[in-house]
Amino acid sequence: MKHVRFKTSRHHTHSRKYDSIFLNQYPLDTIPLWVADMDIEVDERILQGLHSYLNEKILGYNLEDPTYAQSIVDYLRRRHHCDIKPNWIMTTPNVVSSINACLLALTEPDDAVLVIEPVYMPFFKSVESTQRKVIFSSLKLLPSGYVMDFEDMESKIVEHKIKMVLFCSPHNPVGRVWRFEELEQFLSLMKKHNVIVVSDEIHMDFIFEGHKHIPLIGLDDSVIMLMSASKTFNLASAHVSQLIVKDGRTRKKLMSLYHQLGLFHHHELGLRATTIAYSQCDDFIDELCEVIESNVQLVESLLKDSPFTVIPMEGTYLMWIDITKLNLTSCQCQKRLIKEAKVWLHDGSIFGPTGEGYLRMNVATSPEQLIEACQRLLLWVKEQTHESEPLK
Ligand SMILES: Cc1ncc(COP(=O)(O)O)c(C=O)c1O
C-alpha cells in the first residue's frame, strides 16, 4: 500500500475511541470498534502541509484562502460529477453544528422534522435539543437490504405537516448507497410537500465496487448539502466542514446564526488540511476504499455461520450486525462483549427504534485487529453455548 497506513497504537493520545477505555475502566486490551474515526494515519501530503503551517510559527487570525473553496468545487466535479459554485460554500466547525444551524435558522420551535431511522443519533438528538418534533420513518429491511418506506414517509409528512427532512447519504449505520431511482423518488416526494431537504453526505467517499454516490444537490439545487473531509481523511479534530447552499437568502439566515455566536473564523489547520485533501489526495481515497471493502469482506467471512449476522454493505466503514439470534438486547450484548470478549462495538439501539437487535462495528482499522476482534467474538459465543445457562 502506498498511502494508507494503519495505526492502532493510539492509547494515551487523547483519542476518544481509545482513551475512553481507561476512562470507563474497561479491560485495558479492549479492541475499540465503536466511534467513527479511523485507525489510519493522515495522508503524508496533508501532514507535510500542516507541518509547514506550524513552521510559520504564528497561529494568528486567518483569512479563508480562495484555493480552499475551489478545491471543494473541483473535487465535487471531478469525483462526484456535481457542479456547485464557490460562493455556495459556508464553512462550519462540524457537520452536527450544521444540522443544528439548519434546524434553528430554517424551522420554528415545535415544527415537525422527518428522520429516517436507524440513523446517526445526532440527527434526532439535534431535533430534540432545538425543541423541534422528531417524526421517525423507519427503513424497511427486505431480503435485498434496507429501503426507504416512501408510503410511510408521505403519510407522516401529511399528518405532521413536516417542514424539514434530515437525509443521510450514504446511510450510517445501514451502509446503503442510495440509487438514482431512490433519490429521484425521495426528492419528488419532498418537493411535492415543500419539505426542506438537508442531506448529510459526509460518508460519500466510502463507496464499494459496483455502486456510485450521487450528491443530492446535483439532482436538485434547492437541497442543502453537508459535507466534510473529516471522515475520508481522518480529520475530525481539525474541525472544518461545509454547508452548501445555493439560495443566497437561506445562506444569509444560516450565516447570521453562526455570526450571532461569534463564529467568524475557521480553524486554519482544518482549512489547509481540507484544501490539500481535496486537491492532491484522490489516490488516497481510491486506496482507502479498497482497504475498507476488503476489511468488510474479511469480517463477513470470519463471522459467517455465527450468530452475528452481517447486513450486506454498499458503502461507509460501519458494519451493521444483526444479533437477534443471541437473545440479548443490544445494550446487554454490547456490555457483555466489552466485559467478557473485550471488543467494544456500538449499541444499535442508540440509532433509533429499529436499531434494537443490532450492533455497529467500525472496520476502519487494521485487518490484524479485525481478525483478533472477530476471534474474540466467536470464542465468546462458543463459551456461552458451553454454559448451561441461557444468554441474558
Ligand atoms: C452521518 C454522519 N454525520 C456527521 C457525523 C459527524 O460529523 P462532525 O464530527 O463533523 O460533526 C458523523 C460521524 O460519525 C456521521 O456518521
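0 is the number of the first residue of the sequence shown in numbering that gives the first Met the number 0; add one for each residue after it.
We treat Cβ as the ideally placed atom computed from N, Cα and C, and that holds for glycine.
Computed from a prediction, not measured in an experiment: that's the story for all the values here.
> What's the C-alpha gap between I57 and S51?
Replying inline: As a first step, residue 57 must be located in the sequence shown, where it is residue number 58. As a first step, residue 51 must be located in the sequence shown, where it is residue number 52. For I57 and S51, the distance between alpha carbons rounds to 11 Å.
> What first and last residue would you give for the alpha helix (DSSP H) that runs through V95?
Replying inline: As a position in the sequence shown, residue 95 is number 96, starting the count at 1. Note, V95: alpha helix (DSSP H), V94 to L105.
> With a CB to CB cut of under 6 Å and the five nearest residues on each side skipped, what residues in its chain are close to S365?
Replying inline: Translated into positions along the sequence shown, residue 365 becomes position 366. Only F5 and T7 meet the Cβ criterion.
>> Please report the straight-line C-alpha distance between N23 and M120, rounded to a whole angstrom.
In response: To locate residue 23, count along the sequence shown from 1; it is residue 24. To locate residue 120, count along the sequence shown from 1; it is residue 121. Approximately 21 Å between the Cα atoms of the pair.
> With 16 other CB atoms within 10 Å as the buried threshold, where does E43 fall?
Replying inline: Numbered from 1 along the sequence shown, position 44 holds the residue referred to as residue 43. Flag for E43 reads exposed.
> Anyone know if the C-beta pair for V118 and G347 falls short of 7 Å?
Replying inline: Start at 1 with the first residue of the sequence shown, and residue 118 comes out as number 119. Start at 1 with the first residue of the sequence shown, and residue 347 comes out as number 348. No. Outside cutoff.
> How many Å lie between H265 and V295 at the Cα?
Replying inline: As a working note, residue 265 is residue 266 in the sequence shown. As a working note, residue 295 is residue 296 in the sequence shown. Roughly 35 Å between the two C-alpha positions.
> If we call anything under 7 Å between Cβ atoms a contact, is T308 one with S137?
Replying inline: Walking along the sequence shown from the start, residue 308 turns up at place 309. Walking along the sequence shown from the start, residue 137 turns up at place 138. Cβ distance not < 7 Å, so T308 and S137 don't count as in contact.
> Straight-line CA distance for T273 to D82?
Replying inline: By one-based count along the sequence shown, residue 273 stands at place 274. By one-based count along the sequence shown, residue 82 stands at place 83. Their backbone Cα atoms lie some 18 Å apart in a straight line.
>> Please state whether the Cβ-Cβ distance between V176 and I206 is less than 7 Å.
In response: If you number the sequence shown from 1, residue 176 lands on position 177. If you number the sequence shown from 1, residue 206 lands on position 207. The criterion of a C-beta distance shorter than 7 Å is satisfied by V176 and I206.
>> Rounded to whole angstroms, what is the Cα-Cα separation between I84 and G247?
In response: The residue labelled residue 84 in the question sits at position 85 within the sequence shown. The residue labelled residue 247 in the question sits at position 248 within the sequence shown. The amino acid at residue 84 is misidentified as Ile; the sequence shows Lys. One alpha carbon belongs to K84, the other to G247, and they sit about 12 Å apart.
> Would you say the beta carbon of C81 comes nearer than 6 Å to a heavy atom of ligand 1?
Replying inline: The count along the sequence shown starts at 1 and reaches residue 81 at position 82. No, since every heavy atom of ligand 1 falls outside the 6 Å radius drawn around the Cβ of C81.
> Cα-Cα, which of N93, R131 and H79 is closest to L102?
Replying inline: Here residue 102 corresponds to residue number 103 of the sequence shown, with the count starting at 1. Measuring from the Cα of L102, the nearest candidate turns out to be R131.
> Can you tell me the Cα-Cα spacing of S236 and S14, whole angstroms?
Replying inline: Your numbering for residue 236 matches position 237 in the sequence shown. Your numbering for residue 14 matches position 15 in the sequence shown. Cα-Cα distance, rounded: 10 Å.
> For S392, is the beta carbon positioned less than 6 Å from some heavy atom of ligand 1?
Replying inline: In this structure the chain extends from 0 to 391, so residue 392 is not present and cannot be described.
> Would you report the Cα separation of W379 and A340, rounded to the nearest angstrom?
Replying inline: Taking the sequence shown and counting its residues from 1, the one referred to as residue 379 is at position 380. Taking the sequence shown and counting its residues from 1, the one referred to as residue 340 is at position 341. Distance from the CA atom of W379 to the CA atom of A340, rounded to whole angstroms, is 6 Å.
> Relative to ligand 1, is the shortest distance from any of its heavy atoms to the C-beta of S229 smaller than 6 Å?
Replying inline: Counted from its first residue, the sequence shown places residue 229 at position 230. Correct: S229 has its Cβ closer than 6 Å to ligand 1.
> If we call anything under 7 Å between Cβ atoms a contact, is V94 one with S187?
Replying inline: Looking up residue 94 in the sequence shown gives position 95. Looking up residue 187 in the sequence shown gives position 188. The Cβ atoms of V94 and S187 lie no closer than 7 Å to each other.
> Can you give the Cα-Cα distance for S278 and M224, rounded to whole angstroms?
Replying inline: As a working mapping, residue 278 is identified with position 279 in the sequence shown. As a working mapping, residue 224 is identified with position 225 in the sequence shown. Approximately 20 Å, taken between the alpha carbons.
>> Relative to the C-alpha of Q368, which candidate in D321, Q333, V298 and C280 has its C-alpha closest?
In response: Along the sequence shown, read from residue 1 onward, the residue named residue 368 stands at position 369. Q368 has its Cα closest to that of V298, out of D321, Q333, V298 and C280.
> Would DSSP call W343 helix, strand or coil?
Replying inline: For the purposes of this step, residue 343 is taken as residue 344 along the sequence shown, with counting starting at 1. Here W343 sits in strand by DSSP.
> Leaving out the 5 sequence neighbours to the left and right, which residues in its chain are closer than 6 Å to F185 when beta-carbon positions are compared?
Replying inline: Start at 1 with the first residue of the sequence shown, and residue 185 comes out as number 186. Here the set comprises nothing.
>> Give me the DSSP bridge partner(s) of Q241.
In response: Counting from one through the sequence shown, the residue named residue 241 turns up at place 242. Its beta-bridge partners are T90 and M226.
> L393 to W87, Cα distance in whole Å?
Replying inline: Past the edges of the chain, shown from 0 to 391, lies residue 393, and the structure says nothing about it.
>> Report the CB separation of K230 from A100 in whole angstroms; it is logged as a contact under 8 Å.
In response: Translated into the one-based positions of the sequence shown, residue 230 becomes position 231. Translated into the one-based positions of the sequence shown, residue 100 becomes position 101. Between A100 and K230 the Cβ distance is about 19 Å, and since that is not below 8 Å, they are no contact.
> Is V94 near ligand 1, in the sense that its beta carbon is under 6 Å from a heavy atom of that ligand?
Replying inline: Here residue 94 is taken as the residue at index 95 of the sequence shown, counted from 1. Under cutoff, so the answer is yes.
> Considering only residues of the same chain and omitting the five flanking positions on each side of Y67, which have a CB-CB separation below 6 Å?
Replying inline: Taking the first residue of the sequence shown as 1, we reach residue 67 at position 68. Residues of the same chain with a CB within less than 6 Å of the CB of Y67, apart from the 5 flanking positions on each side, are L270 and T274 in chain order.
> Should G314 and P169 be called a contact, given that it needs their Cβ atoms to be closer than 7 Å?
Replying inline: Walking along the sequence shown from the start, residue 314 turns up at place 315. Walking along the sequence shown from the start, residue 169 turns up at place 170. With a cutoff of 7 Å on beta-carbon distance, G314 and P169 are scored as near each other.
>> With the cut-off set at 7 Å, would you say I284 and D219 are in Cβ contact?
In response: Translated into the one-based positions of the sequence shown, residue 284 becomes position 285. Translated into the one-based positions of the sequence shown, residue 219 becomes position 220. Judged by their CB atoms, I284 and D219 are not nearer to each other than the 7 Å cut-off.
> Exposed or buried, which one is E55 when buried takes at least 16 other CB atoms within 10 Å?
Replying inline: As a first step, residue 55 must be located in the sequence shown, where it is residue number 56. By the neighbour-count rule (16 or more Cβ atoms within 10 Å), E55 is not buried but exposed.
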